[in-house]
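Number 111 in the numbering used here belongs to position 111 of the sequence shown; there are no gaps in the numbering.
Using N, Cα and C, we set each Cβ at its ideal position, and we do this for glycine too.
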Amino acid sequence: MRPDGTRVKEASTIVSALPYVMPRRYDAQNFITEYADMEILRRYIQEKRREGVRIPYMTLILAAYFKAYQENPKINRFIMNSKIYQRNHFCVSFVILKTRVDGRADETSIKVFFEDGDDIFSINRKIEEAVAQNQVAAHNNNTDKFANFLFAIPILPGLLFGLVKLMDRCGLLPRKIIDLSPFHTSLFITNLASINTNSIFHHCYEFGTTGVFVSMGKPIANYMSGEYNKKMIPLSVVMDERICTGHEYALFWASLRRYLKHPELLEGDAGGASSEPVCAQA
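See below:
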(Lines of atoms letter the chains of each structure in order from A and count residues from 1; the text may use other names and numbers.)
(Lines give C-alpha, C1' and ligand atoms only; values in the text may rest on other atoms or scores of the structure.)
Protein backbone atom coordinates (compact mmCIF):
# COMPACT_ATOMS: atom_id res chain seq x y z
CA MET A 1 0.00 0.00 0.00
CA ARG A 2 1.66 3.19 -1.20
CA PRO A 3 1.12 6.41 0.80
CA ASP A 4 0.51 8.41 -2.40
CA GLY A 5 -1.84 6.15 -4.33
CA THR A 6 -4.15 3.16 -4.53
CA ARG A 7 -3.54 0.14 -6.76
CA VAL A 8 -5.82 0.06 -9.82
CA LYS A 9 -7.15 -3.47 -10.24
CA GLU A 10 -10.16 -2.96 -12.52
CA ALA A 11 -8.18 -1.81 -15.58
CA SER A 12 -8.64 -3.70 -18.84
CA THR A 13 -6.24 -6.49 -19.74
CA ILE A 14 -4.46 -4.46 -22.40
CA VAL A 15 -3.97 -1.46 -20.09
CA SER A 16 -2.71 -3.74 -17.29
CA ALA A 17 -0.28 -5.40 -19.72
CA LEU A 18 1.28 -2.18 -21.04
CA PRO A 19 3.60 -1.59 -18.04
CA TYR A 20 5.09 -5.03 -18.67
CA VAL A 21 5.42 -4.45 -22.42
CA MET A 22 6.96 -1.01 -21.76
CA PRO A 23 8.52 -1.18 -18.28
CA ARG A 24 10.31 2.18 -18.56
CA ARG A 25 8.62 5.56 -18.71
CA TYR A 26 10.82 6.66 -21.59
CA ASP A 27 9.61 3.64 -23.60
CA ALA A 28 6.00 4.79 -23.22
CA GLN A 29 6.21 8.49 -24.07
CA ASN A 30 3.68 10.02 -26.46
CA PHE A 31 3.90 13.56 -27.76
CA ILE A 32 1.28 16.16 -28.63
CA THR A 33 1.20 19.93 -29.08
CA GLU A 34 -1.87 21.83 -27.92
CA TYR A 35 -2.45 25.54 -28.52
CA ALA A 36 -4.09 28.09 -26.25
CA ASP A 37 -5.61 31.19 -27.86
CA MET A 38 -3.58 33.99 -26.32
CA GLU A 39 -6.20 36.65 -27.11
CA ILE A 40 -8.90 34.81 -25.15
CA LEU A 41 -6.60 34.37 -22.16
CA ARG A 42 -5.31 37.95 -22.40
CA ARG A 43 -8.85 39.38 -22.32
CA TYR A 44 -9.65 37.32 -19.23
CA ILE A 45 -6.39 38.35 -17.53
CA GLN A 46 -7.08 42.03 -18.24
CA GLU A 47 -10.63 41.73 -16.95
CA LYS A 48 -9.41 40.21 -13.66
CA ARG A 49 -6.65 42.81 -13.40
CA ARG A 50 -9.29 45.56 -13.51
CA GLU A 51 -10.90 43.76 -10.58
CA GLY A 52 -7.58 43.84 -8.71
CA VAL A 53 -6.48 40.25 -9.33
CA ARG A 54 -3.26 39.50 -11.23
CA ILE A 55 -3.36 36.07 -12.90
CA PRO A 56 -0.41 34.83 -15.01
CA TYR A 57 -0.88 32.76 -18.15
CA MET A 58 0.72 29.71 -16.54
CA THR A 59 -1.75 29.83 -13.66
CA LEU A 60 -4.66 29.88 -16.13
CA ILE A 61 -3.27 26.83 -17.89
CA LEU A 62 -2.73 25.02 -14.59
CA ALA A 63 -6.27 25.80 -13.45
CA ALA A 64 -7.65 24.53 -16.77
CA TYR A 65 -5.57 21.37 -16.46
CA PHE A 66 -6.82 20.81 -12.90
CA LYS A 67 -10.47 21.26 -13.88
CA ALA A 68 -10.01 18.90 -16.85
CA TYR A 69 -8.42 16.35 -14.50
CA GLN A 70 -11.44 16.55 -12.19
CA GLU A 71 -13.61 15.47 -15.12
CA ASN A 72 -11.07 12.83 -16.20
CA PRO A 73 -9.35 11.56 -13.02
CA LYS A 74 -7.49 8.73 -14.76
CA ILE A 75 -5.01 11.33 -16.04
CA ASN A 76 -3.70 11.37 -12.44
CA ARG A 77 -2.61 7.75 -12.45
CA PHE A 78 1.00 6.65 -12.38
CA ILE A 79 3.06 3.51 -12.94
CA MET A 80 5.42 2.06 -10.38
CA ASN A 81 7.08 -1.35 -10.57
CA SER A 82 4.83 -2.23 -13.56
CA LYS A 83 1.69 -1.62 -11.50
CA ILE A 84 -0.94 1.08 -12.07
CA TYR A 85 -1.89 3.40 -9.21
CA GLN A 86 -4.49 6.13 -8.83
CA ARG A 87 -2.85 9.08 -7.07
CA ASN A 88 -4.72 10.13 -3.92
CA HIS A 89 -3.96 13.84 -4.33
CA PHE A 90 -3.24 16.34 -7.11
CA CYS A 91 -0.04 18.35 -7.24
CA VAL A 92 2.03 20.25 -9.78
CA SER A 93 5.79 20.78 -9.86
CA PHE A 94 7.70 23.54 -11.61
CA VAL A 95 11.04 25.33 -11.45
CA ILE A 96 11.50 29.03 -10.68
CA LEU A 97 14.48 31.36 -10.90
CA LYS A 98 15.74 32.95 -7.71
CA THR A 99 18.67 35.12 -6.70
CA ARG A 100 20.98 33.75 -4.04
CA VAL A 101 22.37 35.87 -1.20
CA ASP A 102 25.64 36.30 -3.13
CA GLY A 103 23.74 37.64 -6.16
CA ARG A 104 24.03 34.54 -8.32
CA ALA A 105 21.02 33.40 -10.30
CA ASP A 106 19.83 29.94 -9.38
CA GLU A 107 16.87 27.61 -9.77
CA THR A 108 14.69 25.87 -7.24
CA SER A 109 11.78 23.48 -7.64
CA ILE A 110 8.33 24.03 -6.17
CA LYS A 111 5.52 21.57 -5.62
CA VAL A 112 2.01 22.90 -5.02
CA PHE A 113 -1.03 20.87 -3.99
CA PHE A 114 -4.55 21.52 -5.31
CA GLU A 115 -7.82 20.32 -3.81
CA ASP A 116 -11.26 19.48 -5.19
CA GLY A 117 -12.69 22.83 -4.05
CA ASP A 118 -10.01 24.96 -5.72
CA ASP A 119 -10.82 27.36 -8.53
CA ILE A 120 -8.72 29.84 -10.49
CA PHE A 121 -8.54 32.28 -7.58
CA SER A 122 -7.45 29.83 -4.88
CA ILE A 123 -5.00 28.19 -7.30
CA ASN A 124 -3.58 31.62 -8.13
CA ARG A 125 -3.19 32.39 -4.42
CA LYS A 126 -1.42 29.09 -3.71
CA ILE A 127 1.03 29.56 -6.56
CA GLU A 128 1.71 33.20 -5.63
CA GLU A 129 2.44 32.25 -2.02
CA ALA A 130 4.70 29.36 -2.98
CA VAL A 131 6.67 31.44 -5.49
CA ALA A 132 7.03 34.40 -3.10
CA GLN A 133 8.28 32.17 -0.31
CA ASN A 134 10.83 30.40 -2.48
CA GLN A 135 12.16 33.48 -4.28
CA VAL A 136 13.51 34.97 -1.04
CA ALA A 137 17.28 35.08 -1.49
CA ALA A 138 18.09 33.67 1.94
CA HIS A 139 15.46 30.93 1.72
CA ASN A 140 16.29 27.34 0.87
CA ASN A 141 13.25 25.09 0.76
CA ASN A 142 13.46 21.61 2.20
CA THR A 143 14.12 20.07 -1.21
CA ASP A 144 17.15 22.37 -1.60
CA LYS A 145 18.39 21.56 1.91
CA PHE A 146 18.08 17.84 1.32
CA ALA A 147 19.93 18.10 -2.01
CA ASN A 148 22.71 20.19 -0.43
CA PHE A 149 23.16 17.59 2.30
CA LEU A 150 23.06 14.75 -0.20
CA PHE A 151 25.86 16.12 -2.38
CA ALA A 152 28.04 17.30 0.51
CA ILE A 153 29.53 13.80 0.82
CA PRO A 154 30.67 12.34 -2.55
CA ILE A 155 29.66 8.73 -1.85
CA LEU A 156 26.18 9.57 -0.55
CA PRO A 157 24.23 10.45 -3.73
CA GLY A 158 24.57 7.08 -5.44
CA LEU A 159 23.88 5.08 -2.30
CA LEU A 160 20.95 7.18 -1.14
CA PHE A 161 19.28 7.46 -4.55
CA GLY A 162 19.62 3.72 -4.97
CA LEU A 163 17.91 3.18 -1.63
CA VAL A 164 15.16 5.71 -2.41
CA LYS A 165 14.45 4.07 -5.78
CA LEU A 166 14.26 0.64 -4.16
CA MET A 167 11.90 1.88 -1.44
CA ASP A 168 9.78 3.63 -4.09
CA ARG A 169 9.45 0.46 -6.17
CA CYS A 170 8.42 -1.48 -3.07
CA GLY A 171 5.92 1.17 -1.93
CA LEU A 172 7.92 1.90 1.22
CA LEU A 173 8.97 5.48 0.50
CA PRO A 174 7.54 7.71 3.28
CA ARG A 175 4.92 10.30 2.30
CA LYS A 176 7.14 13.04 3.73
CA ILE A 177 9.86 12.28 1.16
CA ILE A 178 7.28 11.92 -1.62
CA ASP A 179 5.89 15.37 -0.76
CA LEU A 180 9.41 16.84 -0.97
CA SER A 181 10.21 15.23 -4.31
CA PRO A 182 9.24 17.34 -7.35
CA PHE A 183 9.45 14.15 -9.43
CA HIS A 184 6.51 12.53 -7.61
CA THR A 185 3.85 14.72 -9.14
CA SER A 186 0.63 14.72 -11.13
CA LEU A 187 2.05 17.25 -13.58
CA PHE A 188 5.42 18.87 -14.22
CA ILE A 189 5.23 22.16 -16.12
CA THR A 190 7.84 24.59 -17.40
CA ASN A 191 7.15 28.09 -18.72
CA LEU A 192 9.83 28.66 -21.35
CA ALA A 193 7.98 31.74 -22.58
CA SER A 194 9.25 33.48 -19.44
CA ILE A 195 12.79 33.24 -20.85
CA ASN A 196 11.69 33.95 -24.45
CA THR A 197 12.26 30.37 -25.58
CA ASN A 198 10.28 28.00 -27.78
CA SER A 199 8.43 25.09 -26.23
CA ILE A 200 10.18 21.71 -26.13
CA PHE A 201 9.12 18.13 -25.63
CA HIS A 202 10.54 17.48 -22.18
CA HIS A 203 10.91 13.87 -21.09
CA CYS A 204 8.92 12.49 -18.18
CA TYR A 205 11.42 11.55 -15.50
CA GLU A 206 12.13 7.86 -15.00
CA PHE A 207 12.64 8.59 -11.29
CA GLY A 208 9.41 9.33 -9.46
CA THR A 209 5.84 9.19 -10.74
CA THR A 210 5.47 12.06 -13.24
CA GLY A 211 2.89 11.03 -15.85
CA VAL A 212 2.61 14.26 -17.87
CA PHE A 213 5.10 17.04 -18.65
CA VAL A 214 3.86 20.29 -20.23
CA SER A 215 6.17 22.90 -21.74
CA MET A 216 4.81 26.39 -22.45
CA GLY A 217 6.62 28.19 -25.26
CA LYS A 218 6.73 31.81 -26.38
CA PRO A 219 3.64 32.84 -28.38
CA ILE A 220 3.58 32.05 -32.09
CA ALA A 221 1.36 33.01 -35.02
CA ASN A 222 -1.62 30.80 -35.77
CA TYR A 223 -0.13 29.16 -38.86
CA MET A 224 -2.69 26.35 -38.95
CA SER A 225 -5.67 28.63 -39.57
CA GLY A 226 -3.74 31.22 -41.55
CA GLU A 227 -4.59 33.98 -39.03
CA TYR A 228 -0.99 35.14 -38.73
CA ASN A 229 -1.87 38.14 -36.57
CA LYS A 230 -3.47 35.82 -34.01
CA LYS A 231 -1.09 34.64 -31.29
CA MET A 232 -1.23 31.16 -29.80
CA ILE A 233 0.60 29.73 -26.79
CA PRO A 234 2.10 26.35 -27.75
CA LEU A 235 1.89 23.63 -25.12
CA SER A 236 4.28 20.78 -25.92
CA VAL A 237 3.14 17.74 -23.98
CA VAL A 238 4.86 14.44 -23.18
CA MET A 239 2.59 11.75 -21.72
CA ASP A 240 3.06 8.30 -20.24
CA GLU A 241 0.68 6.32 -22.45
CA ARG A 242 0.42 3.49 -19.91
CA ILE A 243 -1.68 5.35 -17.35
CA CYS A 244 -4.90 5.36 -19.39
CA THR A 245 -6.29 4.60 -22.84
CA GLY A 246 -6.03 6.84 -25.89
CA HIS A 247 -9.77 7.49 -25.69
CA GLU A 248 -9.44 8.68 -22.08
CA TYR A 249 -6.56 10.95 -23.02
CA ALA A 250 -8.68 12.38 -25.86
CA LEU A 251 -11.53 13.15 -23.45
CA PHE A 252 -9.10 14.89 -21.12
CA TRP A 253 -7.65 17.12 -23.86
CA ALA A 254 -11.15 17.98 -25.06
CA SER A 255 -11.97 19.16 -21.53
CA LEU A 256 -8.76 21.18 -21.34
CA ARG A 257 -9.49 22.89 -24.66
CA ARG A 258 -12.97 23.85 -23.45
CA TYR A 259 -11.60 25.49 -20.31
CA LEU A 260 -8.89 27.34 -22.25
CA LYS A 261 -11.53 28.69 -24.64
CA HIS A 262 -13.84 29.67 -21.77
CA PRO A 263 -11.63 30.62 -18.79
CA GLU A 264 -14.63 32.03 -16.93
CA LEU A 265 -15.59 28.39 -16.28
CA LEU A 266 -12.54 28.16 -14.00
CA GLU A 267 -14.25 30.37 -11.44
CA GLY A 268 -16.28 28.89 -8.63
CA ASP A 269 -16.52 28.15 -4.93
CA ALA A 270 -12.98 27.57 -3.70
CA GLY A 271 -14.24 25.52 -0.78
CA GLY A 272 -12.85 25.38 2.71
CA ALA A 273 -9.40 25.30 4.21
CA SER A 274 -6.71 23.13 2.67
CA SER A 275 -5.95 19.72 4.11
CA GLU A 276 -2.71 19.51 2.08
CA PRO A 277 0.32 21.80 2.32
CA VAL A 278 0.20 24.65 -0.18
CA CYS A 279 3.86 24.03 -0.93
CA ALA A 280 5.81 20.95 0.03
CA GLN A 281 7.65 22.04 3.15
CA ALA A 282 8.55 19.79 6.06
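(message) By the three-class DSSP mapping on this structure, what secondary structure does S199 have?
(response) coil
(message) Let me check one thing: in DSSP terms, what residues is G5 bridge-paired to?
(response) R87
(request) Rank I220, V237, S236 by C-alpha distance to the C-alpha of K230 and give the top, closest one. (result) When only C-alpha atoms are compared, the closest one is I220.
(message) Could you compute how far the alpha carbon of Y57 sits from the alpha carbon of Q133?
(response) About 20 Å.
(request) Measure the C-alpha to C-alpha separation of M224 and Y35 and round it to an integer number of angstroms. (result) 10 Å
(message) Per DSSP, what are the beta-bridge partners of S186 in this structure?
(response) DSSP, once it has assigned bridges, lists no residue as partnering S186.
(request) Check each candidate in N30, P73, I127 and name the one with the smallest Cα separation from V8. (result) P73
(message) For the alpha helix (DSSP H) containing D118, name the first residue and the last one.
(response) It is not in any alpha helix (DSSP H) - D118 carries neither H nor E in the DSSP assignment.
(message) Could you compute how far the alpha carbon of F78 sits from the alpha carbon of L251?
(response) 18 Å
(message) Looking at Y44: is its Cβ nearer than 8 Å to the Cβ of P263?
(response) yes
(message) Just list the residues that DSSP pairs T33 with in beta bridges.
(response) T33 is bridged to S236.
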